[in-house]
Amino acid sequence: MDEPSVRAVGWARSLPMGGEVKAARDWAREHLNALGWTRTAPETADAVLLTVSELVTNAHSNAQLTLSRDDNCLHISVHDTSAELPARRSPGLEGTGGRGMLLVDALADEWESRPCPHGKSVTACFRGPRREKAPGAEAEH
């Protein structure tokens, strides 16, 4: 039985907190440009960048930002040293916070958080532009 091979492409960056949200967004934008998403899927690229901003903003201490891509998704992961998992909250009409994970939930195709031995990891998945079939390729049935 032929098993599909594992293929993933990824990039990582450590971000000391304190004004690094713009640096995280700029770094992610470079990789989205390299993938062609800013040209072929600008709405998705914008959603990815807003999600990067929200996840990095919500990180409680030095964070590691990872972008990885497989055949299905671009995964944006932020790991920090806080064990407190994010949750969707009702921010209320007068609240100034509590909307971050609501935004991520609305923007990403999927997201999850999970505890890790030294904190937590929050990952959002974005399905990008569909890949074009090579000329002459047979359609799958």
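Residue numbering for the sequence shown follows this note's numbering, beginning at 1 and increasing consecutively.
Ideal placement from N, C-alpha and C gives every residue a C-beta, glycine not left out.
C-beta contact flag for residue i and residue j at 8 Å
i	j	result
residue 128	residue 83	no
residue 38	residue 76	no
residue 48	residue 28	yes
residue 55	residue 78	yes
Per-residue DSSP class, three states only, for residue i
i	result
residue 203	Because the chain spans 1 through 141 in this model, residue 203 falls outside it and cannot be assessed.
residue 119	strand
residue 57	helix
residue 99	coil
residue 35	helix
residue 50	helix
residue 81	coil
CB contact check: residue i to chain B, cutoff 8 Å
i	result
residue 38	As a matter of chain content, chain B is missing from the structure shown, which is built from one protein chain.
Residues that DSSP places opposite residue i in a beta bridge
i	result
residue 124	76 and 111
residue 11	67
Residue from the options whose Cα sits closest to the Cα of residue i
i	options	result
residue 46	104, 116 and 78	104
residue 111	24, 73 and 57	73
residue 12	122, 68 and 113	68
residue 53	99, 114 and 116	99
residue 35	70, 85, 60 and 56	70
residue 60	31, 44 and 20	20
residue 117	25, 57, 22 and 80	80
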